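Please read the structure below before turning to the comments.
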Amino acid sequence: MSHPHEPVGEWWRDQVAALHRWGRLVLRDEEDSVHQMRVTVRRMRSVLATYRPLLDTDRTEPLREELKWLAALLGDVRDAEVLRKRLRHWAAEHGPGPSGVDALRAALAERQAAGRARLLPELDGERYRALVAGLAAIDGLPWGDGAPGKKELRKRLRKSWRRLAAAVDAAESAEDPGERRRQLHEARKKAKRTRYAAESLREVFGEDAERLAEATRSVQSALGDLNDSVVMIRAITEIPSPDGALLDFLAAEEAAAVDAEERFAPVWQKANRSKVHGWLD
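Written out as structure tokens, the structure is:
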């Protein structure tokens with residue numbers, strides 16, 4: 057009789073293959089390859105964290121640490137990509153001409169170039185090759201004490217969901233705006249973890265897992281808009297002696313952050329329904 061963990065193993069093998077494929081495309085500088093590789097790494101790290109109590113951690117924890125290293129390298133490049141694209145869109149609406157925006161544009165381009173200069177040699181190096189080989193060698197997820205059943209898998213997903221809900225509750229009860237945004241950032245990270253765990257269980261729990269994955273994807277997306285504005289605001293404030301154009305851009309990003317916070321409430325209300333997560337209890 058087949059065990060419910062086997063579809064999770066298939067999902068894991070798909071991620072290992074995707075990581076290897078996207079790594080080759082990053083080296084060729086294919087469009088969107090850094091983003092897709094980073095998402096794949098996030099999926100793998102999230103699932104290793106969610107299922108950690110069920111796994112042979114002697115085998116998985118070293119891989120999890122190496123995925124963290126890779127995620128940091130990819131993040132340096134991808135974050136700069138996102139900010140540069142955001143700046144281009146704003147600048148296109150406000151016309152050409154020299155301004156303090158040029159200093160920000162140059163700083164972001166330098167950040168992206170420096171990130172790529174660190175990333176590309178590593179993707180062609182021994183440490184990365186050892187990571188890919190190690191991930192492939194486990195051939196699915198190595199469970200610690202035998203194959204977990206549906207009850208154990210559901211329990212891990214339920215815990216992940218409850219951590220997300222707790223982070224949102226903490227944000228909603230925060231009186232300080234900065235603390236609210238910090239808690240929403242935590243909620244975004246926990247939404248990603250829950251989403252990826254639910255995706256790994258689609259073949260086990262069917263439509264229930266699909267519905268949860270879609271709901272948490274929406275939460276992640278909504279809070280991602282807020283995060284993009286917050287990160288851009290930080291980048292703008294690092295530019296010395298900002299002129300009027302740069303201050304206009306700063307004001308636009310601050311307004312976008314407020315708007316993203318307001319838009320999050322109905323998204324969470326829709327996600328936090330019994331129809332979405334009631335089956336976890």
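Counting the sequence shown from 1 gives a position; this note's numbering is that position plus 56. Ideal Cβ positions, reconstructed from N, Cα and C, are used throughout, including at glycine. Because the structure is a prediction, the values reported are computed rather than measured.
Excluding sequence positions up to five away, which residues of its chain have a Cβ less than 7 Å from the Cβ of residue i?
i, result
"R210", "L336"
"E178", "L129 and Y184"
"D180", "L83"
"Q239", "A223, A226, A227 and A230"
"R134", "V90, H91 and R94"
"R249", "S102, A105, T106 and S216"
"G24", "The requested residue 24 does not occur in the structure, where the chain is confined to residues 57 to 337."
"G171", "D132, V133 and A136"
Which residue from the options puts its Cα closest to that of residue i?
i, options, result
"G190", "R237, A312, V64 and L75", "L75"
"Y107", "S155, V64 and S274", "V64"
"L187", "T272, G79, P198 and D284", "G79"
"S285", "E270, D114, E310 and H241", "E310"
"A162", "H145, R140, E182 and W146", "R140"
"R214", "D114, A269 and W67", "A269"
"V314", "A173, R69 and R237", "R237"
Which value, in whole angstroms, describes the spacing of the CA atoms of residue i and residue j?
i, j, result
"R84", "K207", "44 Å"
"K331", "D264", "9 Å"
"Q168", "A136", "5 Å"
"E117", "P109", "11 Å"
"S297", "V103", "44 Å"
"S58", "P198", "Residue placement at S58 is poorly supported in this model, since its pLDDT is 44, which falls under 50; the coordinates are not used for a value here."
"G200", "I289", "45 Å"
"E266", "N328", "15 Å"
Starting from residue i, trace the alpha helix (DSSP H) in both directions and tell me its first and last residue.
i, result
"R108", "Run containing R108: none; DSSP gives neither H nor E here."
"G200", "Element bounds for G200: n/a, residue is neither H nor E."
"N283", "E263 to T293"
"R185", "E182 to A193"
"R319", "G300 to A327"
"S330", "S330 to H333"
"E208", "K206 to S229"
Suppose the cutoff is 8 Å on Cβ atoms and the five residues either side in sequence are ignored; what does the same chain contact list for residue i look like?
i, result
"L160", "L143, A291, I292, I295, L302 and F305"
"K246", "S216, R219, L220 and A223"
Once you ignore the five residues that flank residue i on each side, which residues in its own chain have a CB closer than 6 Å to its CB?
i, result
"L175", "L129 and V133"
| query | Any chance the region 111-127 sits against the region 266-279, with 3 or more Cβ pairs inside 8 Å? | reply | no
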